[in-house]
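Just below is one structure, and these are the notes that go with it.
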Amino acid sequence: ALPGLSTNVFKVIPLGSDERPIGTQEFVRSGLLGFLGPGGLLFVTGSREGLMQVAGRK
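For the sequence shown, the working numbering assigns the number 56 to the initial residue and increments by one for each residue that follows.
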């Protein structure tokens, strides 16, 4: 669990286009962009900062 202010900043339940929660699963804000695919797989497609670093490479 994330205590105090960290919980409010980093923990989120995503909302759909109708502004209602899409489920009960909590996620952590990481700054990464992506989507949930078939079978609940997470696909990372970018970064909010515009530049991703993977294994030390940009």
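We treat Cβ as the ideally placed atom computed from N, Cα and C, and that holds for glycine.
Predicted, not measured: the structure shown is a model, and the values here were computed from it.
Contact check, residue i vs residue j, beta carbons under 7 Å
| i | j | result |
| --- | --- | --- |
| residue 65 | residue 83 | yes |
Alpha-carbon spacing of residue i relative to residue j, whole angstroms
| i | j | result |
| --- | --- | --- |
| residue 73 | residue 108 | 33 Å |
| residue 77 | residue 67 | 11 Å |
| residue 70 | residue 105 | 23 Å |
| residue 85 | residue 102 | 9 Å |
| residue 87 | residue 100 | 8 Å |
| residue 79 | residue 93 | 18 Å |
| residue 81 | residue 59 | 16 Å |
| residue 75 | residue 61 | 23 Å |
| residue 111 | residue 90 | 23 Å |
Reduced DSSP category for residue i - H, G, I as helix; E, B as strand; rest coil
| i | result |
| --- | --- |
| residue 114 | The requested residue 114 is not part of the displayed model; the chain covers only 56 to 113. |
| residue 72 | coil |
| residue 88 | strand |
| residue 79 | coil |
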